[in-house]
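Undergrad: Take any residue in the sequence shown, note its place counting from 1, add 229, and you have its number in this note's numbering.
Think of the CB as a built atom: it goes at the ideal place given N, C-alpha and C, for glycine as much as any other residue.
Before I ask anything, here is the structure I am working with.
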Amino acid sequence: MEDLTPLTNLQQLDDSAKRKPKMSERQPLLLQGDGSDYEGSRSGNGLIRPPVRSSPPDSTLVNVHSEDSIAVHAAAPGDDDEQSGENLKSVGYNPTHHRTLEHPTSNFDTLVHLLKGNIGTGILAMPEAFKNAGLYVGLFGTLIMGAICTHCMHMLVNCSHELCRRFQQPSLDFSEVAFCSFETGPLGLRRYSHLARRVVTTFLFITQIGFCCVYFLFVALNVKDVMDHYYKVDVRIYLLLMLLPMIMLNLVRNLKYLTPVSLIAAVLTVAGLAISFSYMLQDLPDTHTVKPVATWATLPLYFGTAIYAFEGIGVVLPLENNMRTPEDFGGTTGVLNTGMVIVACLYTSVGFFGYLKYGESVKGSITLNLPQEELLSRMVRITMAVAIFLSYTLQFYVPVNMVEPFVCSQFDTTRAKEMASTILRTVLVTFTFLLAACIPNLGSIISLVGAVSSSALALIAPPIIEIITFYNVGYGRYNWMLWKDFLILIFGLCGFVFGTWASLAQILNPSVD
Numbered sequence: 230m231e232d233l234t235p236l237t238n239l240q241q242l243d244d245s246a247k248r249k250p251k252m253s254e255r256q257p258l259l260l261q262g263d264g265s266d267y268e269g270s271r272s273g274n275g276l277i278r279p280p281v282r283s284s285p286p287d288s289t290l291v292n293v294h295s296e297d298s299i300a301v302h303a304a305a306p307g308d309d310d311e312q313s314g315e316n317l318k319s320v321g322y323n324p325t326h327h328r329t330l331e332h333p334t335s336n337f338d339t340l341v342h343l344l345k346g347n348i349g350t351g352i353l354a355m356p357e358a359f360k361n362a363g364l365y366v367g368l369f370g371t372l373i374m375g376a377i378c379t380h381c382m383h384m385l386v387n388c389s390h391e392l393c394r395r396f397q398q399p400s401l402d403f404s405e406v407a408f409c410s411f412e413t414g415p416l417g418l419r420r421y422s423h424l425a426r427r428v429v430t431t432f433l434f435i436t437q438i439g440f441c442c443v444y445f446l447f448v449a450l451n452v453k454d455v456m457d458h459y460y461k462v463d464v465r466i467y468l469l470l471m472l473l474p475m476i477m478l479n480l481v482r483n484l485k486y487l488t489p490v491s492l493i494a495a496v497l498t499v500a501g502l503a504i505s506f507s508y509m510l511q512d513l514p515d516t517h518t519v520k521p522v523a524t525w526a527t528l529p530l531y532f533g534t535a536i537y538a539f540e541g542i543g544v545v546l547p548l549e550n551n552m553r554t555p556e557d558f559g560g561t562t563g564v565l566n567t568g569m570v571i572v573a574c575l576y577t578s579v580g581f582f583g584y585l586k587y588g589e590s591v592k593g594s595i596t597l598n599l600p601q602e603e604l605l606s607r608m609v610r611i612t613m614a615v616a617i618f619l620s621y622t623l624q625f626y627v628p629v630n631m632v633e634p635f636v637c638s639q640f641d642t643t644r645a646k647e648m649a650s651t652i653l654r655t656v657l658v659t660f661t662f663l664l665a666a667c668i669p670n671l672g673s674i675i676s677l678v679g680a681v682s683s684s685a686l687a688l689i690a691p692p693i694i695e696i697i698t699f700y701n702v703g704y705g706r707y708n709w710m711l712w713k714d715f716l717i718l719i720f721g722l723c724g725f726v727f728g729t730w731a732s733l734a735q736i737l738n739p740s741v742d
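Spelled out as structure tokens, the structure:
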């Protein structure tokens, strides 16, 4: 999934640190964090400092910690009695009652942001995913994948609530949930709490960098497809021509100035998707013209692309943390289920009809299959290229704000810090350009990013966190929760290994396409 957006985990902050906005995974949902304390939020005396969040330009995510938030002792090896007392004390603590929200979001606002966080360039790659799975395997597989990913999102929210009660914290982000779960888990695992936070943060960084590479290549390929009508040039030339304006645009440090950019990108994306879908529904062939089931060799590629499209787990906690009525987020008819049903239906529809329409000739983005000679289809490519070009800045804001505080902290003067920030941004944009230039295969990059980082965040991390979080609580009758988590974990690990292997094989041997 992808193009949107983003929400991300933030780095911890001292209460006195200056707030900085930071975006996550797929588009304009933001959190702010300094990130200067990359190691974590534990102070020398074993206390957990409450993380600081502040409001982004569009007031989507806000400060969720009350002024009188009290740091709670993290469980240390050997203090099981103290931990049991704290658990009893926290039974009556409701984290949603201790959140200070400057601009809380309504249910509808949260639903819109959830859709924006899950729908992006990934939806345009779903027809190729269906090609790698087969028409009916892709149809039912995408719905099942959506159900599993949605359940993992619920798991993460439930673990966050449980850990918030234990630590008497109003809210936690993804990396903080990983840290706190290990901190209160089995004694032998508590030493790895900081490692758990670093691993989650690292995969969030990899995911965002991967999205940026996909965006870079997507824009270049669509522009090339339009210009090929007049004269043909290698796609790397278009990537090179984009590099300088992309660097200049990403030197903008204040997200307030990027809010109009986000709005324009969203409008262009909706228009482009609507017109693309109308092309797919014209003169559909019979279902017998395409494969109902693909080969086992290409199924891992389907997994990578599908999980890339569905991976919106990074936006879940920030959205729930900033709702006016967070109790409406979960539940059978809650915001999360409603939004993910819409997302799954959109992905399934685009994948099914796109593959049925273009068959084995379907490309990494459905826009590349639109008629080249028609003016409207060329306008769609340009529209989507502009939308994704503008969205790159929002995706890029997440990884750069993960490393920028650390880099700037190595310098003393303001001028030196600004120079370091400029160089860092230039280097990171150039890095995504180089990756896109080295692997100019859109479908392969999408599948690789999905298999490596998206599967780790969406399918591997949640069951591990849930197993450790409820270690001292219990896993229900017959340990059903434990068995369920093991099955999801095995599924995620298999997708991670085989999806990565198949994607790398396709990149190294493009002739197999």
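Using 8 Å for Cβ pairs, my map puts Ala-523 next to Ala-666. What's the rounded Cβ distance?
TA: Working through the sequence shown from its first residue, we reach residue 523 at position 294. Working through the sequence shown from its first residue, we reach residue 666 at position 437. Between Ala-666 and Ala-523 the Cβ distance is about 30 Å, and since that is not below 8 Å, they are no contact.
Undergrad: In whole angstroms, give me the CA-to-CA distance for His-302 and Pro-634.
TA: Position 73 of the sequence shown, counting from 1, holds the residue named residue 302. Position 405 of the sequence shown, counting from 1, holds the residue named residue 634. With a pLDDT of 40 at His-302, under the threshold of 50, the modelled position of that residue is not reliable, and no figure is offered here.
Undergrad: Check whether the segment 654–668 and the segment 435–443 touch, using three or more Cβ-Cβ pairs below 8 Å as the test.
TA: Segments in contact, yes.
Undergrad: Around the Cβ of Arg-426, are there at least 16 other Cβ atoms within 10 angstroms (buried) or fewer (exposed)?
TA: Counting from 1 along the sequence shown, the entry for residue 426 is found at position 197. Buried is the call here.
Undergrad: What's the call for Asn-483, buried or exposed, on a 16-neighbour Cβ count within 10 Å?
TA: The residue you call residue 483 lines up with position 254 of the sequence shown. With fewer than 16 Cβ atoms within 10 Å of its Cβ, Asn-483 is classed as exposed.
Undergrad: Which residues does DSSP list as the beta-bridge partners of Thr-334?
TA: Locating residue 334 in the sequence shown gives position 105, counting from the first residue. Answer is Met-552.
Undergrad: Name the residue from Leu-343, Lys-586, Lys-453, Arg-706 whose alpha carbon lies nearest to the alpha carbon of Val-572.
TA: By one-based count along the sequence shown, residue 572 stands at place 343. The option with the nearest alpha carbon to Val-572 is Leu-343.
Undergrad: Can you tell me the Cβ-Cβ gap for Pro-324 and Pro-399, rounded? I've got them flagged as a contact below 8 Å.
TA: Taking the first residue of the sequence shown as 1, we reach residue 324 at position 95. Taking the first residue of the sequence shown as 1, we reach residue 399 at position 170. The Cβ separation is near 5 Å, so the contact holds.
Undergrad: Classify Leu-446: buried if its beta carbon has 16 or more other beta carbons within 10 angstroms, exposed otherwise.
TA: In the sequence shown, counting from the first residue as 1, residue 446 sits at position 217. Result: buried.
Undergrad: How many whole angstroms separate the CB atoms of Gly-580 and Ala-358, which I take to be in contact at a CB cut-off of 8 Å?
TA: As a position in the sequence shown, residue 580 is number 351, starting the count at 1. As a position in the sequence shown, residue 358 is number 129, starting the count at 1. That pair is a contact at about 6 Å.
Undergrad: What's the gap between the Cα of Phe-434 and the Cα of Ile-675?
TA: On the sequence shown, residue 434 is found 205 positions in, with the first residue counted as 1. On the sequence shown, residue 675 is found 446 positions in, with the first residue counted as 1. Approximately 16 Å, taken between the alpha carbons.
Undergrad: Who are the Cβ neighbours of Trp-730 in its own chain at under 6 Å, not counting the five residues just before and after it?
TA: In the sequence shown, counting from the first residue as 1, residue 730 sits at position 501. The answer is none, since no qualifying residue turns up.
Undergrad: Just the Cα atoms here: how many angstroms apart are Tyr-587 and Ala-526?
TA: By one-based count along the sequence shown, residue 587 stands at place 358. By one-based count along the sequence shown, residue 526 stands at place 297. Between Tyr-587 and Ala-526, the C-alpha separation is close to 21 Å.
Undergrad: Under 8 Å, do Ile-617 and Ser-505 count as touching if we go by C-beta distance?
TA: In the sequence shown, counting from the first residue as 1, residue 617 sits at position 388. In the sequence shown, counting from the first residue as 1, residue 505 sits at position 276. No, the Cβ-Cβ distance between Ile-617 and Ser-505 is not below 8 Å.
Undergrad: In the structure shown, what three-state DSSP assignment does Val-632 receive?
TA: Locating residue 632 in the sequence shown gives position 403, counting from the first residue. Residue state, collapsed to three classes: helix.
Undergrad: For the candidate residues Gly-367, Thr-329, Leu-340, whose alpha-carbon lies nearest to that of Tyr-576?
TA: Position 347 of the sequence shown, counting from 1, holds the residue named residue 576. Per the Cα distances, Gly-367.
Undergrad: Does DSSP classify Gly-721 as helix, strand or coil?
TA: On the sequence shown, position 492 is the one that residue 721 refers to. Gly-721: helix per DSSP, three-state reduction.
Undergrad: Just checking my contact of Asp-714 with Leu-597 at CB under 8 Å: how many whole Å lie between their CB atoms?
TA: On the sequence shown, residue 714 is found 485 positions in, with the first residue counted as 1. On the sequence shown, residue 597 is found 368 positions in, with the first residue counted as 1. With 8 Å as the limit, Asp-714 and Leu-597 do not qualify as a contact, their Cβ atoms being about 39 Å apart.
Undergrad: What is the rounded straight-line gap between the Cα of Glu-695 and the Cα of Ser-422?
TA: To locate residue 695, count along the sequence shown from 1; it is residue 466. To locate residue 422, count along the sequence shown from 1; it is residue 193. So the two alpha carbons sit approximately 14 Å from each other.
Undergrad: Near Thr-498, what residues of its chain come up, given a Cβ to Cβ distance below 6 Å and the 5 sequence neighbours on each side ignored?
TA: What you label residue 498 is simply residue 269 of the sequence shown in a count that begins at 1. The answer, listed in chain order, is Ala-616.
Undergrad: Please say whether Gly-679 and Leu-537 have beta carbons closer to each other than 8 Å?
TA: On the sequence shown, position 308 is the one that residue 537 refers to. On the sequence shown, position 450 is the one that residue 679 refers to. Per the sequence shown, the amino acid found at residue 537 is Tyr instead of Leu. Yes.
Undergrad: Leu-605 to Leu-513, Cα distance in whole Å?
TA: Counted from its first residue, the sequence shown places residue 605 at position 376. Counted from its first residue, the sequence shown places residue 513 at position 284. The straight-line gap from Cα to Cα measures roughly 19 Å.
Undergrad: Rank Phe-403, Ala-535, Met-608 by C-alpha distance to the C-alpha of Phe-725 and give the top, closest one.
TA: As a working mapping, residue 725 is identified with position 496 in the sequence shown. Measuring from the Cα of Phe-725, the nearest candidate turns out to be Ala-535.
Undergrad: Report back the beta-carbon spacing between Met-509 and Gly-375 to the nearest angstrom; my notes put them in contact at under 8 Å.
TA: If you number the sequence shown from 1, residue 509 lands on position 280. If you number the sequence shown from 1, residue 375 lands on position 146. Not confirmed; about 20 Å, so no contact.
Undergrad: Between which two residues does the alpha helix (DSSP H) carrying His-383 extend?
TA: Locating residue 383 in the sequence shown gives position 154, counting from the first residue. Residues 364–396.
Undergrad: Mapping the DSSP letters down to three states, classify Leu-711 as helix, strand or coil.
TA: Taking the first residue of the sequence shown as 1, we reach residue 711 at position 482. Residue state, collapsed to three classes: helix.
Undergrad: Using a 10 Å radius around the Cβ and a threshold of 16 neighbouring Cβ atoms, would you call Pro-739 buried or exposed?
TA: In the sequence shown, the residue the question calls residue 739 occupies position 510. That one is exposed.
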